[in-house]
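Enquirer:
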Amino acid sequence: MSNKKRFSLLLVCMMALVMVLGACSTTKTNPSGGSAESNTAAQLDQIKQRGKLIVGVKYDTKLFGLKDPGSGKVEGFDVDMAHALAKSILGDESKVELKEVTSKTRIPMLNNGDVDMVIATMTITDARKKEVDFSDVYFQAGQSLLVKKGSPIQGIEDVTADTTILAAKGATSIDNIEEKVPGVKVLEFDNYQDAFNALKAGQGEALTTDDAILYGMAAQDPNYEVVGKPFTDEPYGIAVKKGQTGLVEAINKGLTDMKADGSYDELYKKWIGKAPESK
Amino acid sequence: MLDFSILIEYFPDYMEGFLNTIQASLIALVGSFILGTIIAVFRITGIKPLQWLGTAYVEFIRNIPILIVVLFFYLGLPSLGARLDGFQAGTLGLTVYTSAFIAEAIRAGILSVPKGQMEAARSSGMSYIQSMLHVILPQAIKLVIPPLSNQFINLIKNSSVLTIVAGLDLMYFADSINGDSYATVSTYIFTGMFYLILTLPMSYGSHVLERRLAKSS
Amino acid sequence: MITFHEVDKFYGDFQVLTGINLHVESGEVVVVLGPSGSGKSTMLRCINRLEETSSGQLTVNGVRVDERKTDLNKLRRNIGMVFQHFNLYPHKKVIDNITLAPIKALGVSKAEAHQTAMHYLEKVGIADKAQAYPSQLSGGQQQRVAIARGLAMKPQIMLFDEPTSALDPEMVGEVLDVMKALALEGMTMVVVTHEMGFAREVADRVVFMDQGRIVEEAPPEQFFSDPREERAKLFLSRLLNH
């Protein structure tokens, strides 16, 4: 009898907890709304005061942000971009602190103030624009497919509802492929490396994400190749906390300067191996 | 902070994950109980090769992270010619991993049954297995219920390991909902509540069972 | 029926039994006496191989107990055993304690096993407790159930390992009475006990053991009135002055 009582007490406590949390949500809507609006340069000021840029990048994505297990250094296009922006904003390209983000954590980390900006192969979408602000496009990618050499899949037109597609969690690539091939089976993994391992183990027929990342994987293992033409436009943007237009402007100025003085093309060539297609 | 529209909007996703988690947990629960019991008996038979096998199994499995066990079944087995999907590999990994802990709990239970019980059973002409099945194990189970229910609660929580092999469990859908909604805190609080729906009755049930069995002896 | 020939037993370096020679005829009641630690329980437990012998030959009913290839389960079905601490199965009712082995080991039908069990429960005088759990019974009642459990296998031999040592004094009698009745029916019995009265009254032969050896073997009247061996005399005088 007393046991039953204790159990119901526990349930009541749980309910109460939910209520309290629910109540919090009504009092604390949109933290960046009211106060931040008045100071759109708060984040930029904070960066200058600190004298250091805290940037969220990926640690698991070849060519863009990859941690070398030997040296412990994180290297890639996104990392070099962070240093270039530090030079533009703070005048010293070494004033950068990197933090690891994943597709899953990058927006929460940004909103929590753990990082000033996220440079992490992040596609600009309308849904994301509701959560964060984006800079101008800093890299033009397109979604494509990675398959084992000799695969019958040679492009998006070969993907059917019976195909198993592997992808990374929280990426727009999942929505895209589901839109192109309704009913396709998609298996989501924590990161690209896990998805690639699953592809190698034959757990799916093709891995999909932005071609820039796929080329990095194909470079890792010559048994795999990128097939077909990119079937989406994936403009990568640098994300900052919503409302921090001052910081967005500073980033855009840095990007414009880099494109003007040729250092952007240099960077592109260093990692992707060819010059960017002019649009 | 807590956004109930997430729960409503993504309810079908939550349910699919929830049902898969229940399924994986049930299979692993039954499987690890049977496997764990066999391993426990191996360890106390007094037959050296079986004893050695049982000890090696327990020490090997319980001293590596469950993640590695599951990844082995998902990524490693294909190179040996057998391919399991994420759900199968995850559930199998969960079963194998949990069975090592169950084996230890059951072994302790068996060892605390007085020696005279086995002697009485064997001297009446029953085989070792019959004696185990009808005399020793029913008594051991009683002593083993508290540690066993702990293991089963752990098992339900550990089932979230299916996520890393895309096993379509509750946590997998939680990640996916989070990726879509960006409402991280709400998404995972609701997810935690779904786990509580499974684990709370489990610990309540074990208390009741424990009390009832204590009465009967 | 039971024959020990030069049987030794070691626990590691320690010798528990030395040169045991003993023959028990069918229908004979042999009581084994001796101080504690003299090896009498160990010797008894060798008969159904709860303990392994180290050397020598041990034959029961023409079957070599000490050989590896012996079918132990078959051998044991023919030898009932009663323990000092009863060892009833606490999770089973009295009736199920008795029917378990006949059903599982002999393959007897449930109905037949039940009938047999009730027969022996009546014989030991506690048929009314068939549906009770062991913990609801007194020590004397539990030991009588244990005897019925042994008898339900219809064995040719019954072994008793200090069957009254764990009982309160007022319950010793009821158990000894059951054993006496059994002896009168001609059951082959080997009994390790401290009950001198029982030995004197029921035994066909008394075996006295000390330090792992059989020191003296005699009919009870001779053993109790005129023991030959010094150690037996000492043992008896201690008991009488106790």
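Protein chains in written order, with our numbering: chain P, 1 to 279; chain S, 1001 to 1217; chain E, 2001 to 2242. Even for Gly, the Cβ is constructed at its ideal location relative to N, Cα and C. None of the values given here were measured: they were computed from a predicted structure.
Nearest by alpha-carbon distance to E131 of chain P: which of P:L66, P:K274, P:M109 is it?
Expert: P:M109
Enquirer: Name the chain P residues that come within less than 8 Å of L1080 of chain S, Cβ to Cβ?
Expert: What L1080 of chain S touches in chain P: nothing, since even the nearest Cβ is about 11 Å away.
Enquirer: Opposite V1058 of chain S in the DSSP bridges: which residues?
Expert: Per DSSP, none; premise fails for V1058 of chain S.
Enquirer: Tell me which residue opens and which closes the alpha helix (DSSP H) that H2114 of chain E is part of.
Expert: 2110 to 2123
Enquirer: Looking only at its own chain, which residues have a Cβ that is under 8 Å from the Cβ of L44 of chain P, when we skip the five neighbours before and after it?
Expert: Around L44 of chain P, the same chain offers I89, Q244, G246, L247, A250 as residues with beta carbons nearer than 8 Å, after the five sequence neighbours per side are excluded.
Enquirer: If we define contact as Cβ-Cβ less than 8 Å, is L187 of chain P a contact residue for chain S?
Expert: yes
Enquirer: Whose Cβ in chain S lies nearer than 8 Å to the Cβ of D2231 of chain E?
Expert: Before going on, a small fix: residue 2231 of chain E reads as Arg here, not Asp. The contacting residues do not exist; R2231 of chain E stays about 30 Å from chain S at best.
Enquirer: Secondary structure at L187 of chain P, three-state DSSP: helix, strand or coil?
Expert: strand
Enquirer: Given that a residue counts as buried once 16 or more other Cβ atoms are within 10 Å of its Cβ, and exposed if not, what is P1065 of chain S?
Expert: exposed
Enquirer: Comparing the C-beta of Q1130 of chain S with each C-beta of chain E, is any distance below 8 Å?
Expert: Chain E places a beta carbon closer than 8 Å to that of Q1130 of chain S, counting this residue as a contact.
Enquirer: Can you pull the chain P residues whose beta carbon is under 9 Å from the beta carbon of V1176 of chain S, in chain order?
Expert: Correcting the residue identity first, residue 1176 of chain S is Ser in this sequence and not Val. Correct list: K169, G170, I174, E188.
Enquirer: Following the continuous beta strand (DSSP E) through P1147 of chain S, name the residue where it begins and the one where it ends.
Expert: Per DSSP, P1147 of chain S belongs to no beta strand (DSSP E); it is in the alpha helix (DSSP H), 1137 to 1158.
Enquirer: Distance, Cα to Cα, A2166 of chain E vs G2139 of chain E?
Expert: The alpha-carbon atoms of A2166 of chain E and G2139 of chain E are separated by roughly 8 Å.
Enquirer: Considering only the alpha carbon of each residue, which of P:D257, P:V96, P:A168 lies closest to D116 of chain P?
Expert: Answer by Cα proximity: P:V96.
Enquirer: Which residues, in chain order, does the segment 1170 to 1199 of chain S contribute to contact with chain P at a C-beta distance below 9 Å?
Expert: If the cut-off is 9 Å between Cβ atoms, the segment 1170 to 1199 of chain S has Y1172, D1175, S1176, N1178, G1179, D1180, Y1182, T1184, V1185, S1186, I1189, M1193, L1196 near chain P.
Enquirer: With 8 Å as the threshold, decide whether the Cβ of Y1014 of chain S is near any Cβ in chain P.
Expert: no
Enquirer: In chain S, which residues lie less than 7 Å from G202 of chain P when you measure between Cβ atoms?
Expert: P1078, R1083
Enquirer: Kindly say whether A2101 of chain E, judged by its beta-carbon, lies nearer than 8 Å to any beta-carbon of chain S.
Expert: yes
Enquirer: Less than 8 Å between CB atoms is the rule here; does N197 of chain P satisfy it with respect to chain S?
Expert: yes
Enquirer: Output yes if chain E places a C-beta closer than 8 Å to the C-beta of H1207 of chain S; else output no.
Expert: no
Enquirer: Which chain P residues are close to I1047 of chain S, counting only those with a beta carbon under 9 Å from its beta carbon?
Expert: By Cβ distance, chain P contributes nothing, its closest Cβ being about 37 Å from I1047 of chain S, past 9 Å.
Enquirer: Quick one: what does DSSP say N2048 of chain E is sitting in, helix, strand or coil?
Expert: coil
Enquirer: Just grab the DSSP bridge partners of A167 of chain P for me.
Expert: P:E188
Enquirer: Measure the beta-carbon distance from P2227 of chain E to L2236 of chain E and round it to whole angstroms, keeping in mind my assumption that it falls under 8 Å.
Expert: 6 Å
Enquirer: For A1028 of chain S, decide whether its Cβ has a neighbour in chain P, counting only Cβ atoms nearer than 8 Å.
Expert: no
Enquirer: Kindly indicate which three-state DSSP category P2035 of chain E falls into: helix, strand or coil?
Expert: Residue state, collapsed to three classes: coil.
Enquirer: Within 8 Å (strictly less), CB to CB, does K104 of chain P reach chain S?
Expert: yes
Enquirer: Would you report the Cα separation of I1177 of chain S and S1025 of chain S, rounded to the nearest angstrom?
Expert: So the alpha carbons of these two residues sit roughly 22 Å apart.
Enquirer: Would you mind telling me which residues of chain S sit closer than 7 Å to K2104 of chain E, beta carbon to beta carbon, in chain order?
Expert: The answer, in chain order, is M1126, Q1130, H1134.
Enquirer: Where does V1161 of chain S fall in DSSP's three states?
Expert: helix
Enquirer: Going along the chain, which residues of its own chain have a beta-carbon closer than 8 Å to the beta-carbon of A2181 of chain E, five neighbours each way excluded?
Expert: Taken in chain order, the residues that qualify are K2123.
Enquirer: Could you name the residues of the same chain whose beta carbon sits closer than 7 Å to that of A2113 of chain E, not counting the 5 residues immediately before and after it, in chain order?
Expert: If we look at A2113 of chain E and ignore the five residues flanking it on each side, its Cβ neighbours are T2099, P2102, I2103.
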